[in-house]
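This report concerns only the one structure given below.
In my numbering, the protein residues as written are 2 to 258.
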């Protein structure tokens, strides 16, 4: 038995796709398809509540009179979809900070690089907290974890979609920022240091958190795997030059700023 699977959206009870019309179902049946399955989102007309619906349509033709008949089974699948989306979210996110995890960030970064317009600039930021090991050792992992979450919140607050932010592990964060202006991206990298420097944490007395940032701009055809080592090298230079600063390297490893 052939099965036709499709996805579409209903809006206030009105179809955005035409495949459920009688004509379309007849066309599908003539192709030898006897069953249609779909999973779609709709807004209920009265309450405007958004729900997910699963539908199965069986297409039959009576041999006695040749009439075409469709039997439909419809189920509210909102709870199942919520669980699916929750599982997807957890699989893509870092368990502590809720930023993208390394695997997801790499995948999404490569998608951006692959589809980047030639007129746009794109940069990878490698970021590492300054002296985080000392914080962990002196004040405990609970304080360290809280600090990591605050840093993540700050980064996500001003490096917004469609740009990416992620946590690679430990106190190492990453971002991919792109747009039409190179200077705007550079300013955003500098803003990282300024914004993180506003974060304070309690110890023997109030202490300020700082971060170092390594930046590399991509070239046509680059991948995350290709530019990651360069951004990591830029981060190393920023640390070596005194921390709490930005180092921007070009593709020839020249320190631009």
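Ideal Cβ placement from N, Cα and C applies to all residues, glycine included.
These figures come from a predicted structure and were not determined experimentally.
task: Given a cut-off of 9 angstroms, decide if residue 110 and residue 216 are closer than it, judged by their beta-carbon atoms.
output: No, Cβ-Cβ distance for residue 216 and residue 110 is not below 9 angstroms.
task: Report the option in 244, 251, 250, 248 whose CA atom is closest to the CA atom of residue 131.
output: Minimum Cα distance to residue 131 is reached at 244.
message: Do residue 186 and residue 197 have their beta-carbon atoms positioned less than 9 angstroms apart in this structure?
response: Taking a C-beta distance under 9 angstroms as the contact criterion, residue 197 and residue 186 do not qualify as a contact pair.
- request: Evaluate residue 201 with the Cβ neighbour count: other Cβ atoms within 10 Å of its Cβ, from every protein chain shown; 16 or more gives buried, anything less gives exposed.
  value: Exposed, because fewer than 16 other Cβ atoms sit within 10 Å of the Cβ of residue 201.
message: Going by C-alpha to C-alpha distance, which of 60, 188, 232, 148 sits closest to residue 29?
response: Minimum Cα distance to residue 29 is reached at 60.
- request: Taking residue 72 as part of the beta strand (DSSP E), name the residues at either end of that continuous run.
  value: Per DSSP, residue 72 belongs to the beta strand (DSSP E) from 69–77.
- prompt: Hey, quick one: how far does the beta strand (DSSP E) through residue 194 stretch, first residue to last?
  reply: Judged by DSSP secondary structure, residue 194 falls outside any beta strand (DSSP E) and instead within the alpha helix (DSSP H) spanning 183–197.
task: Leaving out five residues on either side along the sequence, give the residues of the same chain with a beta carbon under 8 angstroms from the beta carbon of residue 238.
output: Result list for residue 238: 215, 248, 250, 256, in chain order.
- request: With DSSP as the reference, label residue 85 as helix, strand or coil.
  value: It is helical.
field: residue 51 - containing alpha helix (DSSP H), residue span
entry: Note, residue 51: premise wrong, no alpha helix (DSSP H); beta strand (DSSP E) at 51–62.
message: Let me confirm a value: residue 139 is counted as buried when at least 16 other C-beta atoms fall within 10 Å, else exposed. Which label applies?
response: Of the residues assessed, residue 139 falls on the exposed side of the cut-off, its CB having fewer than 16 other CB atoms within 10 angstroms.
Spatially closest choice to residue 42 from 160, 141, 76, by CA coordinates: Minimum Cα distance to residue 42 is reached at 76.
query: Would you call the region 221–230 and the region 105–122 in contact, with 3 or more CB pairs under 8 angstroms?
result: In short, these stretches touch, since the Cβ pair count reaches three.
query: Sorted by chain position, which residues of the same chain lie with C-beta nearer than 6 angstroms to residue 173's C-beta, five sequence neighbours on each side aside?
result: In the same chain as residue 173, and ignoring 5 residues on each side of it, the C-beta atoms closer than 6 angstroms to its own belong to 129, in chain order.
Bridge partners - residue 92, DSSP secondary structure assignment: Partner(s): none; residue 92 has no beta bridge.
message: For residue 219 and residue 104, what's the separation of their Cα atoms in angstroms?
response: The straight-line gap from Cα to Cα measures roughly 19 angstroms.
- prompt: For residue 178, which residues from the same chain have a beta carbon less than 7 angstroms from its beta carbon, with the 5 sequence-adjacent residues on both sides left out?
  reply: Excluding sequence neighbours, residue 178 sits near 124, 126, 160, 164, 186, 189.
query: Near residue 120, what residues of its chain come up, given a Cβ to Cβ distance below 7 angstroms and the 5 sequence neighbours on each side ignored?
result: So the list reads 181, once near-sequence residues are dropped.
message: Suppose the cutoff is 6 angstroms on Cβ atoms and the five residues either side in sequence are ignored; what does the same chain contact list for residue 153 look like?
response: Answer for residue 153: 98, 100, listed in chain order.
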